[in-house]
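Asks: Dropping the structure in here first, questions after.
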């Protein structure tokens, strides 16, 4: 546990704490920074930088320990950057005042000077280890003759981290860049291309040292043209020369719509532009990740400072927006003002949400909506694009800001922004502007996902639950939508409504393509259930098929359009429409089956037997849905009984009646009579069992003599009705069980079988049960009477 030593702490300075996340600086909050020593439990002093929250002083936004390898760097006058040694996260402190930044930086520098030198050996290391201590950096003099040696030395030294740090310190201490810049002009005068290529490699090595101080010095007014001049001669493209100096030296590219009085802010604007050009153009091909991150950090903090200064300058903002209210201002000045505000909004996208919200509120308060109105109606497409970019930037941040502004315009009966967007959408020829306007309108009119009502729950096959309380609707939003559909919607949809009253077909090719797109993409091509249902209910396809049949056998544009429509339905496999065509116009499709399109539609429908992918066909209707039983009733009391169904179940089955009649007839035949009994073929033949069992013949003969045939010869053989596979399997299992029982009884009672069989009554003969019958206990009785043999007399002798 560390205890702070308050008397050694520096004064508290107001700062913002930033953390680098995914190449974007995240604002962790605003607080007060102090640099102090903290005493640990073992009595050691740890130098630390602490930031207490401005809103909650008891909460620490930052507490970092100063190490010798943290890489603390000071950028400009108000920034300190470093990397946390444990997590490797890049951190930054942005001070409100340069004095506070200098005080904290002085403390950090003094602490790091007390640590052992990075280039020296460590006393804790063993004497047996050879520690390589690099020699002091000393580059050759900046002359054309020494360029090969300078290039080679820089390449060797920059191979290690310690070497890069030492080289960066030497370059800044000796002002080596300023000494190399005159060599570029000398080599150009001598037309020495090898020297120019070496100078380019040397400048690349210096910039890629990833030192913020060197980069800031390289883009300064004194050095920027010489640095980019050396980078124009890239040895990777020896036959080409870039034109960086001409681009950066052109002062006409910098336009001040309103004079910026602060020299520091103006200098930051120039520096930011050069850094962006260096990152995106000059070094785009060779940039590594560390240098790319440093350049982005410098650009980001410059942009934050510039925007904060501009929006806090009331005089500047008032003069900027007065350009659009004064009639004496020329159109070029207004155009530049729109483009300037567009750049401010583009830069604001990289800011944190609170800072971006403050900027947009400030712009709207000064009359940003009037600027957007002017830009949308401007004749220059660049100005229109700028106005739509401003609008889209605000909508992406918070669409409610534009909705509230539009609501105030509607309430005051002023021309609203929605009307201006619709007017531009109807006449705009640039596709980029049209797409941005359409997206802006969709976002402004979007109300989000509506809550699901009870009727939607019922359609999903579930019982409707208790409805949830709906949030109160916003009256401003209701008025906004009401005014839109009353005043703006007719103007927006007028081109579509005018198509209904167009009597002739004299239109250009562009309109023909538009009609085709409307029919296919907006109706059938969307494959939406609502539109498909409307097409089938209105019989639109039937009318189209009639038109196609009337045009045959001519092959013209109308028939081709109709055929293409049916081909689209077949190709996209829209089952509901194909089912409608086959069910309602099968005869017509059969007559057109010589065409592959209609033949495939018929074939596909017949193969699938009218299957439709629409799940509504399989959902139960509202009348078929199960309902909850009334309270305080039993489960089955609420079920109503259909009279026709009860009558069906109460009446006897025709098969049962036929079986009963057949049973009565057989019973009458089996009664004792004086006439001889005619033997018949048994139901089941067990010849194999009879041959293997010696008692089988004895039993069989006894049964023949004592029992008449179960099936009279005069009756026709009745085949059992067809049965299902499960019933057949169950019947076979029952037969096997019954046979097993009978065979056990036969072997057990073989000695007493004769008297038992001869005295058996005909009434005890088991009756064959109908295979399709539904009565009984489910067991099937088997008649085991054997067939009459030729040796019947011998059986009689044995008995």
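Residue numbers (the numbering used here): 126 to 924. In this text, a Cβ means the ideal position worked out from N, Cα and C, and glycines have one as well. The structure displayed is predicted, hence computed values, not measured ones.
(1) Based on the DSSP output, what are the partners of residue 177 in its beta bridges?
(2) When the Cα atoms are used, what is the spatial distance from residue 422 to residue 150?
(3) Mark residue 928 as exposed unless 16 or more other C-beta atoms lie within 10 angstroms of its C-beta, in which case mark it buried.
(4) Roughly how many angstroms lie between the CA atoms of residue 420 and residue 618, to the nearest whole one?
(5) Determine, using beta-carbon pairs with one atom in the stretch 304 to 313 and one in the stretch 382 to 393, whether at least three such pairs fall under 8 Å.
(6) Going along the chain, which unbroken runs of the alpha helix (DSSP H) with 4 or more residues stay wholly within the stretch 283 to 321?
(7) Whole-angstrom Cβ separation of residue 173 and residue 188, contact assumed at under 8 Å?
(8) DSSP three-state label for residue 96, please.
(9) Indicate the three-state DSSP secondary structure (helix, strand or coil) for residue 591 in the structure shown.
(10) Strictly by DSSP, which residues pair up with residue 925?
(11) Quick one: is residue 522 buried, meaning 16 or more other Cβ sit within 10 Å of its Cβ, or exposed?
(12) Going by C-alpha distance, which of 263, 186, 141 and 314 is nearest residue 297?
(13) Tell whether a beta-carbon distance below 9 Å holds between residue 273 and residue 323.
(14) So, are the CB atoms of residue 516 and residue 473 less than 9 Å apart?
(15) Please report how far the alpha carbon of residue 340 lies from the alpha carbon of residue 294, in whole angstroms.
(16) Using the rule of at least 16 other Cβ atoms within 10 Å of the residue's Cβ for burial, across every protein chain shown, is residue 220 buried or exposed?
(17) Using only the alpha-carbon positions, how far apart do residue 354 and residue 411 sit?
(18) Give the DSSP-derived three-state secondary structure of residue 706 in the structure shown.
(19) Closer than 6 Å by C-beta to residue 416: which residues in its own chain qualify, once you throw out the five before and the five after it? Chain order, please.
(20) In the structure shown, what three-state DSSP assignment does residue 890 receive?
(21) Who are the Cβ neighbours of residue 145 in its own chain at under 6 Å, not counting the five residues just before and after it?
(22) Taking the CB atoms as reference points, tell me whether residue 502 and residue 542 lie closer together than 9 Å.
(23) Pick from 556, 408 and 571: whose alpha carbon is nearest that of residue 527?
(24) Within this structure, are the beta carbons of residue 401 and residue 345 separated by less than 9 Å?
(25) To the nearest angstrom, how far is it from the Cα of residue 462 to the Cα of residue 445?
(26) With a threshold of 8 Å, are at least 3 pairs of Cβ atoms found where one atom belongs to the stretch 605 to 619 and the other to the stretch 659 to 668?
(27) Tell me which same chain residues have a C-beta within less than 6 Å of the C-beta of residue 141, skipping the five on either side of it?
(28) Kindly indicate which residue of 468, 504 and 312 has the alpha-carbon position closest to the one of residue 381.
(29) Quick one, which of 180, 190, 367 and 158 has its alpha-carbon nearest residue 164's?
(30) Taking the alpha-carbon positions, what's the residue 304 to residue 507 distance?
(31) Specify the secondary structure class of residue 219 as computed by DSSP and reduced to three states.
(32) At the level of alpha carbons, what is the spacing between residue 369 and residue 407?
(33) Which complete alpha helix (DSSP H) runs does the stretch 331 to 360 hold, if anything under 4 residues is left out?
(34) Following the continuous beta strand (DSSP E) through residue 482, name the residue where it begins and the one where it ends.
(35) Does the beta-carbon of residue 495 have 16 or more other beta-carbons within 10 angstroms, so that it is buried, or is it exposed?
Replies: Result, derived from the coordinates:
(1) Looking up residue 177 in the chain shown gives position 52. DSSP, once it has assigned bridges, lists 157 and 185 as partnering residue 177.
(2) Translated into positions along the chain shown, residue 422 becomes position 297. Translated into positions along the chain shown, residue 150 becomes position 25. As the crow flies, the alpha-carbon of residue 422 is around 8 Å from that of residue 150.
(3) For residue 928 there is no data in the structure shown, the boundaries of the chain being 126 and 924.
(4) As a position in the chain shown, residue 420 is number 295, starting the count at 1. As a position in the chain shown, residue 618 is number 493, starting the count at 1. Cα to Cα, the separation comes out at about 49 Å.
(5) The stretch 304 to 313, when compared against the stretch 382 to 393, does not touch it at the 8 Å Cβ threshold.
(6) 286 to 299 and 301 to 315
(7) Reading the chain shown from its first residue, position 48 is the one you call residue 173. Reading the chain shown from its first residue, position 63 is the one you call residue 188. The Cβ separation is near 6 Å, so the contact holds.
(8) In the structure as shown, the chain starts at 126 and stops at 924, and residue 96 therefore has no counterpart that could be examined.
(9) Here residue 591 corresponds to residue number 466 of the chain shown, with the count starting at 1. Reliability fails at residue 591, whose pLDDT of 46 lies under 50, so the model's placement of it is uncertain and the value that follows must be treated cautiously. The answer is coil: DSSP assigns residue 591 none of H, G, I, E or B.
(10) It is not possible to answer for residue 925, since the shown part of the chain is limited to 126 through 924.
(11) Walking along the chain shown from the start, residue 522 turns up at place 397. Per the 10 Å Cβ criterion, buried.
(12) The residue given as residue 297 occupies position 172 in the chain shown. Answer by Cα proximity: 263.
(13) Locating residue 273 in the chain shown gives position 148, where the first residue counts as 1. Locating residue 323 in the chain shown gives position 198, where the first residue counts as 1. Cβ distance < 9 Å, so residue 273 and residue 323 count as in contact.
(14) For the purposes of this step, residue 516 is taken as residue 391 along the chain shown, with counting starting at 1. For the purposes of this step, residue 473 is taken as residue 348 along the chain shown, with counting starting at 1. For residue 516 and residue 473, no; Cβs fall outside 9 Å.
(15) On the chain shown, residue 340 is found 215 positions in, with the first residue counted as 1. On the chain shown, residue 294 is found 169 positions in, with the first residue counted as 1. Straight-line Cα distance between these residues: approximately 13 Å.
(16) Stepping through the chain shown from its first residue, residue 220 is reached at position 95. Classification of residue 220: buried, given that the 10 Å Cβ count is 16 or more.
(17) By one-based count along the chain shown, residue 354 stands at place 229. By one-based count along the chain shown, residue 411 stands at place 286. In a straight line, the C-alpha of residue 354 is about 17 Å away from that of residue 411.
(18) Position 581 of the chain shown holds residue 706. In this structure, residue 706 counts as helix in the three-state DSSP scheme.
(19) Here residue 416 refers to the residue found at position 291 when the chain shown is read from its first residue. So the list reads 333 and 335, once near-sequence residues are dropped.
(20) Along the chain shown, read from residue 1 onward, the residue named residue 890 stands at position 765. A caution first: residue 890 carries a pLDDT of 42, below 50, which makes its placement in the model unreliable, though a value can still be read off. Coil.
(21) Taking the first residue of the chain shown as position 1, residue 145 is located at position 20. Excluding residues within five positions, the ones whose Cβ falls inside 6 Å are 215.
(22) Translated into positions along the chain shown, residue 502 becomes position 377. Translated into positions along the chain shown, residue 542 becomes position 417. For residue 502 and residue 542, no; Cβs fall outside 9 Å.
(23) By one-based count along the chain shown, residue 527 stands at place 402. The residue with the shortest Cα to Cα distance from residue 527 is 571.
(24) If you number the chain shown from 1, residue 401 lands on position 276. If you number the chain shown from 1, residue 345 lands on position 220. No, they are not a contact pair.
(25) Locating residue 462 in the chain shown gives position 337, counting from the first residue. Locating residue 445 in the chain shown gives position 320, counting from the first residue. Their Cα atoms are separated by approximately 7 Å.
(26) No: fewer than three Cβ pairs fall under 8 Å.
(27) Translated into positions along the chain shown, residue 141 becomes position 16. If we look at residue 141 and ignore the five residues flanking it on each side, its Cβ neighbours are 155 and 219.
(28) Numbered from its first residue, the chain shown carries residue 381 at position 256. Checking every option, the nearest Cα to that of residue 381 belongs to 468.
(29) Taking the chain shown and counting its residues from 1, the one referred to as residue 164 is at position 39. Measuring from the Cα of residue 164, the nearest candidate turns out to be 190.
(30) Numbered from its first residue, the chain shown carries residue 304 at position 179. Numbered from its first residue, the chain shown carries residue 507 at position 382. Roughly 44 Å separates the two Cα atoms.
(31) For the purposes of this step, residue 219 is identified with residue 94 of the chain shown, where counting begins at 1. In the three-state reduction of the DSSP assignment, residue 219 falls in the strand class.
(32) Residue numbering aside, residue 369 sits at position 244 when the chain shown is read from its first letter. Residue numbering aside, residue 407 sits at position 282 when the chain shown is read from its first letter. Taking the straight line from one Cα to the other gives about 8 Å.
(33) 337 to 343 and 349 to 355
(34) Counting from one through the chain shown, the residue named residue 482 turns up at place 357. Where residue 482 is concerned, there is no enclosing beta strand (DSSP E), although the alpha helix (DSSP H) it sits in stretches over 478 to 490.
(35) The residue labelled residue 495 in the question sits at position 370 within the chain shown. Its Cβ having fewer than 16 others within 10 Å, residue 495 is exposed.
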